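Enquirer: Numbering (this note's numbering), first residue to last: 1 to 402.
Note that the Cβ used here is the ideal one computed from N, Cα and C, for glycine as well.
Here the structure is a predicted model, which is why all the values come from computation and not from measurement.
I have a structure I would like to understand better, so I am pasting it below and will then ask my questions one at a time.
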Amino acid sequence: MTGKQIAIIGGGPAGLMAAEVLSLSGHRVTVYDSMPTVARKFLLAGKSGLNITHAEDYARFANRFGAASERLCPALDAFTPDDLRTWAAGLGTETFTGSSGRVFPKVMKASPLLRAWLGRLETQGVRVRTRHRWTGFAEGGFVFETPEGPTIVHCDAALLALGGASYPRLGSDAAWITWLRDKGVEITEFQPANCGFDVAWSTIFAERFAGMPLKAVTATSDAGTFPGEFVISRHGIEGSLVYAHAASLRDRLASDGKAALIVDLAPGRTAERLSRDLARQDVKASLPNRLRKGAGIEGVKMALLREFVSPAVLADPEWLSQLIKALPIPLLRPRPIAEAISSAGGVRWSGVNDGYMLKALPGVFVAGEMIDWEAPTGGYLLSACFATGRAASRGIEAWLRR
1 MTGKQIAIIG GGPAGLMAAE VLSLSGHRVT VYDSMPTVAR KFLLAGKSGL
51 NITHAEDYAR FANRFGAASE RLCPALDAFT PDDLRTWAAG LGTETFTGSS
101 GRVFPKVMKA SPLLRAWLGR LETQGVRVRT RHRWTGFAEG GFVFETPEGP
151 TIVHCDAALL ALGGASYPRL GSDAAWITWL RDKGVEITEF QPANCGFDVA
201 WSTIFAERFA GMPLKAVTAT SDAGTFPGEF VISRHGIEGS LVYAHAASLR
251 DRLASDGKAA LIVDLAPGRT AERLSRDLAR QDVKASLPNR LRKGAGIEGV
301 KMALLREFVS PAVLADPEWL SQLIKALPIP LLRPRPIAEA ISSAGGVRWS
351 GVNDGYMLKA LPGVFVAGEM IDWEAPTGGY LLSACFATGR AASRGIEAWL
401 RR
């Protein structure tokens, strides 16, 4: 079995993890990537602190992947968040758990981990070919555009780990869809995931409050109610709390043509208390003073109320208290997929066997965000990419044995 030639197309976490496992088994592994350097999206994710996985109860963790949780579970079971932390420590990257349960490297960067990882892969004989853009199939092999011109690569097995459709400037442009569809691979159209949304702000509001964070709030959608914060943008809303609801809001917009994020601007107070405290304010006082003294509402929170609530309701303590507790922010559309942190869609699970091989293309495997799954931010995305890369490598080994 050893000594087989394996091509891994895509040098992100999924592809590099597969390269590590397969090279340890004695295979000759070459990683091809279209960019000048590998793992560019991985490095971008680590610029503000690499959230590598999550420390919550594993049973809950494994159910964070929506409809794909059942199919992903074997891969996640075989490479759990604890396993990922142990693996990182073996490369000299110790991790810690933040207050939210998110797990980060102590150095809060991706580059030291990646450098050590690439050093290990080089020691194991893995070859990395950058500026090699896959452009389809020909003559029983894989065609690449390279600085030296087109070339065709033949191999005993191949893994496609080309990512989804978010951040195309970093290499994940989903150009591969056409070539796989031509071979009979069924693909669900990509959609933005963990994305912001457009809102029809007034010009005055957008100019004054773009970039302002909305802190200490909770937000509700079909996905549930979560605390956190988000940011007002020139186009609408974005940030971690919005991303937690993004899949639900996106799907609601698609099915109903409308959706709203429901925001509680004063999570620590009941509507009854707010109504009572607002009613006590001097009716001759200005609205900003009444909101500040009676509800602790000021700044961007007060501006949001003025943006969506009529003057008559703002003057009524009972109605105003209800809206402070549940202010709908109507959404127009998700932001473009090129801006999204991740994408939903990709190769359908029905076309992938348990070893991550494409049923339509024996000997060709897939891993990472190419496959139709999505997850919230919080380390889940990276964990699943690592885990599916390992699972696909085991699938390749099993197929080569047969």
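Apart from the five residues on each side of it in sequence, which residues of its chain come closer than 8 Å, Cβ to Cβ, to GLY395?
Expert: If we look at GLY395 and ignore the five residues flanking it on each side, its Cβ neighbours are ASN353, ASP354, GLY355, TYR356, MET357, PHE365.
Enquirer: Helix, strand or coil for MET357, going by three-state DSSP, please let me know.
Expert: strand
Enquirer: Looking at the secondary structure, which residues open and close the beta strand (DSSP E) in which TRP399 lies?
Expert: Not the beta strand (DSSP E): TRP399 falls in the alpha helix (DSSP H), residues 380–401.
Enquirer: Since LEU76 contacts ALA387 with CB under 8 Å, what's their CB separation in whole angstroms?
Expert: Taking a contact as a CB-CB distance under 8 Å, the pair LEU76 and ALA387 counts as one, their CB atoms being some 5 Å apart.
Enquirer: Spell out the partners DSSP gives TRP134 in its beta bridges.
Expert: PHE144
Enquirer: In angstroms with no decimal places, state the Cα-to-Cα distance between TRP117 and ALA39.
Expert: 11 Å
Enquirer: Going by C-alpha to C-alpha distance, which of ALA246, HIS235, LEU332, GLU122 sits closest to GLU20?
Expert: GLU122
Enquirer: Please classify LYS325 as buried or exposed, where buried requires at least 16 neighbouring CB atoms within 10 angstroms.
Expert: Burial call: buried.
Enquirer: Using 8 Å as the cut-off, can you tell me whether the stretch 65–75 makes contact with the stretch 92–109, which would need three or more C-beta pairs spanning the two stretches below that distance?
Expert: no
Enquirer: Looking only at its own chain, which residues have a Cβ that is under 6 Å from the Cβ of MET1, when we skip the five neighbours before and after it?
Expert: Note on MET1: pLDDT 45, under 50, position unreliable in the model; the coordinate value appears next. If we look at MET1 and ignore the five residues flanking it on each side, its Cβ neighbours are LEU400, ARG401.
Enquirer: In chain order, what are the residue ranges of uninterrupted alpha helix (DSSP H) at least 4 long that sit wholly in the stretch 237–320?
Expert: 240–256, 271–279, 287–295, 299–308, 311–314
Enquirer: Using a Cβ-Cβ cutoff of less than 6 Å, which residues in the same chain neighbour GLY363 once the five nearest sequence positions on both sides are dropped?
Expert: ALA157
Enquirer: Any chance you could list the alpha helix (DSSP H) runs of at least 4 consecutive residues sitting entirely within the stretch 159–234, in chain order?
Expert: 176–182, 203–209
Enquirer: Quick one: grab the DSSP three-state call for MET1.
Expert: Because the pLDDT of MET1 is 45, which lies under 50, any placement of that residue in the model is unreliable, and the question is left without a value.
Enquirer: Need the endpoints of the alpha helix (DSSP H) that ALA367 sits in, please.
Expert: Taken as a continuous stretch (DSSP letters only), ALA367 belongs to no alpha helix (DSSP H), as it is neither H nor E.
Enquirer: Start and end of the alpha helix (DSSP H) containing SER99?
Expert: Note, SER99: premise wrong, no alpha helix (DSSP H); not H, not E.
Enquirer: So is THR203 in contact with chain D if we call contact Cβ pairs under 8 Å?
Expert: Here chain D cannot be found, since the structure has a single protein chain.
Enquirer: Between which two residues does the alpha helix (DSSP H) harbouring ARG71 extend?
Expert: Looking at the DSSP string, the run of the alpha helix (DSSP H) that includes ARG71 is 69–78.
Enquirer: Is it the case that the stretch 221–240 contacts the stretch 197–205, given that we only count it when at least three CB pairs across the two stretches are under 8 Å?
Expert: yes
Enquirer: Using the C-alpha atoms, what's the distance from GLU397 back to GLY12?
Expert: 20 Å
Enquirer: For THR225, which residues from the same chain have a beta carbon less than 6 Å from its beta carbon, with the 5 sequence-adjacent residues on both sides left out?
Expert: THR218
Enquirer: Could you spell out where the alpha helix (DSSP H) holding PRO36 opens and where it closes?
Expert: No alpha helix (DSSP H) contains PRO36, which DSSP labels as neither H nor E.
Enquirer: Grab me the residues of SER342's own chain with a C-beta within less than 7 Å of its C-beta, minus the 5 sequence neighbours each way, in chain order.
Expert: GLY164, SER166, ALA193, ASN194, GLU369, GLU374, LEU381
Enquirer: Classify ALA312 as buried or exposed, calling it buried when 16 or more other Cβ atoms lie within 10 Å of its own Cβ.
Expert: exposed
Enquirer: As a quick exercise: from PRO317, ALA384, PRO330, pick the residue whose alpha carbon is nearest that of LEU304.
Expert: PRO330
Enquirer: So is LYS215 buried or exposed if we call it buried at 16+ other beta carbons inside 10 Å?
Expert: exposed
Enquirer: With DSSP run on the structure shown, which of helix, strand or coil describes ALA338?
Expert: helix
Enquirer: What does DSSP give as the partner residue(s) for ALA157 in the beta ladder?
Expert: ILE6
Enquirer: Alpha carbon to alpha carbon, how far is SER34 from ARG133?
Expert: 4 Å
Enquirer: Check this for me: beta carbons of VAL231 and GLY211, under 8 Å apart or not?
Expert: yes
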